[in-house]
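If you read the sequences in order, they're chains Y and U.
Quick note: the first sequence, position 95, residue 94 per numbering that gives the first Met the number 0, numbers continuous.
Quick note: the second sequence, position 88, residue 87 per numbering that gives the first Met the number 0, numbers continuous.
The structure appears right after this line, and notes come after that.
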Amino acid sequence: MTTRLLAPFTWLGSHGLSMTQGLGNWGSLITDTVRALRHVDVWGRLLLPQLARIGVDSIPIALFIATFTGIVLALQASYTFTGAIPLYFVGVLVGKTMIMELGPVLTGLALAGRIGANVAAEIGSMKVTEQIDALETLAYPPNAYLVVPRVLAGVIMFPAVTILAIGMGITSGWVTSLQLLDMSTPQFVRGLTLFFFPFDVWFAIIKATSFGLVVTLVGCFYGFHTTGGAEGVGRSTTKAVVVSSMLILVLDAFWAVLLL
Amino acid sequence: MTIQLDDLHKSFGQKHVLRGFSLEVRDGETLTVLGPSGSGKSVMLKHIVGLLTPDRGQVLVDGQNVGELEMNDLYDLRRKVGYVFQLAALFDSLSVADNVGLGLHRVGGFREDQIRERVRECLHLVDLEGFEDRFPAELSGGQKKRAGLARAIATKPKYLLYDEPTTGLDPLTKAVIDQLILKMRQELGVTGLVITHDMESAYRVSDRIAMLYEGRRRFLGTPDEIRGTEDPVVRAFIEGDPQYLERRETTVEEAS
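In C-alpha cells, the structure reads:
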C-alpha cells in the first residue's frame, strides 16, 4: 500500500534525476568541446575531410530534394493564383518560400538523417569498441579529435549546402514556370525580385548555421553516450536523428519569432 | 619508480567492483593479474591511465597520483604508458601505419619520414611488416592484437598494460602474443602489467602473478608459488574446476 502511494514520487524522483544527469552531460559536452578548440594541432588536420564528408557528399541529396520542391512550389502557386492574382507572383512564392523556409528546413531535415545518423553511429561504434578510450590513452582529447571537426564542418557546410539547394529550388521553379505554366523569364524574375530583401538570405544562413550546430552536436552527444554494443549503436543513431529533426523544427520557429 | 595501487574502491551503481584492491608493480617486471570474468580486472587497469577515477584509494604512477592530475599532466603521464586493448581498439578509418603513428603525431617533434621509420620498426618488432597500408577490417584477430601492440609501443612507453591480450585467439597465436610480451620486456625493458584469465599465458609471461577476487587481492606470488598454493579459491581458478571449492568444503566438514 505504502509502495503504491509512493510510486508517483519515486517516478518523479527517478525522472528528475535522469533529466538532471542528461543536462549535466550536455553541459559537459559543450564545455569540453569549447575547451578542445585550443587543440588546433589535433582538429586542424581533421577539418578538411569532415568538410568533404558533411558538406560536399551531402550536395546530391540536398539538390535532389530542392529540385522537386521547386517544381511543386511553382505548380501549387499557379494553381492557387490562377484567376485571382497575376501569375508573376509564382516567382514571389517560389523565391520567398525556398529562401526563407523550405530551403533551410528541408535541407536541414535531410542532413539530420544523413549526418546525424552518420556521426552518432561512427562515434557510438568507436565508444563500444573502446576506440575512444584508445584515443585517450594516446593523449588525444576525444572532443578535439571527434567533436570539434564535425561541429565546425556542420556549422560551415550546412549554410553552403543550403544556399546551393535554394539556388537549385529556384532554378527548378523557374524552368517549371517556363515549360508548364506559359510564363516568361522576365515575369518570373519580376516576381522573384518583387519582395526580395538581402535579409532573407541572411535569415536562411542563420537558420542553416544553427541547424548544422544542432545536428552535429546531437550526433556527437548520442554517439558518446552509447552503451551496449550494436543494439546500443542503433538506439543512439535513431535518437540522434529524431532529436535533431525535432530541434530543427523548434529552431525554425524560434528564429521566426526572434527575427521576423 | 613503479605503478602502485592502494586500497582501490570502485562502484558502478549498486555494483561494488573493487573493494580495497592493492598492488605494486616492480620496475622491469611483468606482473599478471588473474581473475574470473567480470571481477574488475579491466576496471583496475583503466584506473592506471586515468580512464576511470577511484571512489576511494589512489593510483600512483612514478609517484604521481593519477586521480589528482590536471588534464595536461595526465596526458604527459599517458605518454609513458602503452595500453593494449582486449579487442585491439584499432581505429577503423585509419590504415595500420596511421594507427601506429597516431601517438607519435600527438607527441610532436617528429618529421613525417621519422614517423614512417618508427612505424616500420614497431611493425617489424611485432612481425607485421608489409601490413602498413591494410585497414583493421582486413586483419585477423591475432594481427589486430599485434597491430595494437605496435601502436602501444610506438611512443617508447616505460609501462605496458595488456588487457586480456590472448583472449579469443587460437593456441598458436596465443603463444606468439606471449612471446611478444616477453620480447617487449627483454628488448625494450618495459614494465608490464597483464590481465588475463588464461593460466598458460600467465605462467609463460609472468615474473609474479596476483589474483583479483571479489574486489580484493586474493593472492600474490611467483608462478611456482601459485602452482603450489593451497588457497581453495586460487586452486579452483587455476584448475578450472568450479566443484573444487564444494569438494574441499565437504572434505573439511568430514575431517572435523
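The C-beta atom is built at its ideal place from N, Cα and C for all residues, glycine as well.
CB contact below 8 Å: residue i versus chain Y
i, result
"residue 88 of chain U", "yes"
"residue 77 of chain U", "yes"
"residue 74 of chain U", "yes"
"residue 84 of chain U", "yes"
Residue i classed as buried or exposed, judged by whether at least 16 other C-beta atoms fall within 10 angstroms
i, result
"residue 71 of chain U", "exposed"
"residue 193 of chain Y", "exposed"
"residue 5 of chain Y", "exposed"
"residue 25 of chain U", "exposed"
"residue 202 of chain Y", "buried"
"residue 32 of chain Y", "buried"
"residue 13 of chain U", "exposed"
"residue 24 of chain Y", "exposed"
"residue 19 of chain U", "exposed"
"residue 51 of chain Y", "exposed"
"residue 1 of chain Y", "exposed"
"residue 118 of chain Y", "buried"
"residue 173 of chain Y", "buried"
"residue 147 of chain U", "buried"
"residue 196 of chain Y", "exposed"
"residue 37 of chain Y", "exposed"
"residue 83 of chain Y", "exposed"
"residue 85 of chain U", "buried"
"residue 48 of chain Y", "exposed"
"residue 39 of chain Y", "exposed"
Three-way DSSP call (helix, strand, coil) for residue i in this model
i, result
"residue 291 of chain Y", "With chain Y running from 0 to 259 in the structure shown, residue 291 of chain Y is simply not present."
"residue 210 of chain U", "strand"
"residue 78 of chain Y", "helix"
"residue 205 of chain U", "coil"
"residue 173 of chain U", "helix"
"residue 23 of chain U", "strand"
"residue 147 of chain U", "helix"
"residue 251 of chain Y", "helix"
"residue 221 of chain U", "coil"
"residue 9 of chain U", "strand"
"residue 195 of chain U", "strand"
"residue 256 of chain Y", "helix"
"residue 216 of chain U", "strand"
"residue 240 of chain U", "coil"
"residue 281 of chain U", "It is not possible to answer for residue 281 of chain U, since the shown part of chain U is limited to 0 through 255."
"residue 168 of chain U", "coil"
"residue 160 of chain U", "strand"
"residue 224 of chain Y", "coil"
"residue 37 of chain Y", "coil"
"residue 238 of chain Y", "helix"
"residue 14 of chain U", "strand"
"residue 84 of chain Y", "coil"
Near the ligand FMN: residue i beta-carbon under 7 Å from a heavy atom
i, result
"residue 142 of chain Y", "As far as ligands go, the structure on display features none, and thus does not contain the ligand FMN."
Any C-beta of chain B under 8 Å from that of residue i
i, result
"residue 257 of chain Y", "Absence of chain B from the displayed structure is noted, the protein chains being Y and U."
Fill in: Within 9 Å of chain U by C-beta, residues of the segment 125 to 141 of chain Y in sequence order
125, 128, 129, 130, 131, 132, 133, 134, 135, 136, 137, 138, 139 and 140
Discussion item. Using a Cβ-Cβ cutoff of 9 Å, what residues of the segment 32 to 49 of chain U are near chain Y? List them in chain order.
Written reply: Listed in sequence order: 45, 48 and 49.
Discussion item. Beta carbons nearer than 9 Å to chain Y: which residues of the segment 182 to 197 of chain U have them?
Written reply: none
Discussion item. Restricting to runs no shorter than 4 residues, where is the alpha helix (DSSP H) found entirely within the segment 91 to 145 of chain U?
Written reply: Every unbroken stretch of the alpha helix (DSSP H) spanning 4 or more residues and falling wholly within the segment 91 to 145 of chain U is given here in chain order: 95 to 106 and 111 to 124.
Discussion item. Going residue by residue through the segment 116 to 142 of chain Y, where are the continuous alpha helix (DSSP H) segments of at least 4 residues, counting only ones entirely within it?
Written reply: Restricting attention to alpha helix (DSSP H) runs no shorter than 4 residues, the segment 116 to 142 of chain Y encloses them at 116 to 127 and 130 to 136, ordered along the chain.
Discussion item. So within the segment 25 to 95 of chain U, which uninterrupted beta strand (DSSP E) runs reach at least 3 residues, ignoring any that extend past its ends?
Written reply: 29 to 33, 55 to 60 and 80 to 83
Practice prompt. With 9 Å as the C-beta to C-beta threshold (strictly closer), list the residues of the segment 102 to 114 of chain U near chain Y in chain order.
Written response: Residues of the segment 102 to 114 of chain U with a C-beta less than 9 Å from any C-beta of chain Y: 102, 104, 105, 106 and 107, listed in chain order.
Item to complete: Please go through the segment 173 to 200 of chain Y and give each complete alpha helix (DSSP H) segment of 4 or more residues, from N-terminal end onward.
Response: As far as the segment 173 to 200 of chain Y is concerned, its whole alpha helix (DSSP H) runs of at least 4 residues are 184 to 193.
Practice prompt. Could you name each continuous alpha helix (DSSP H) segment of 4 residues or more that falls completely within the segment 86 to 113 of chain Y, going from the start of the chain to the end?
Written response: 88 to 96 and 102 to 110
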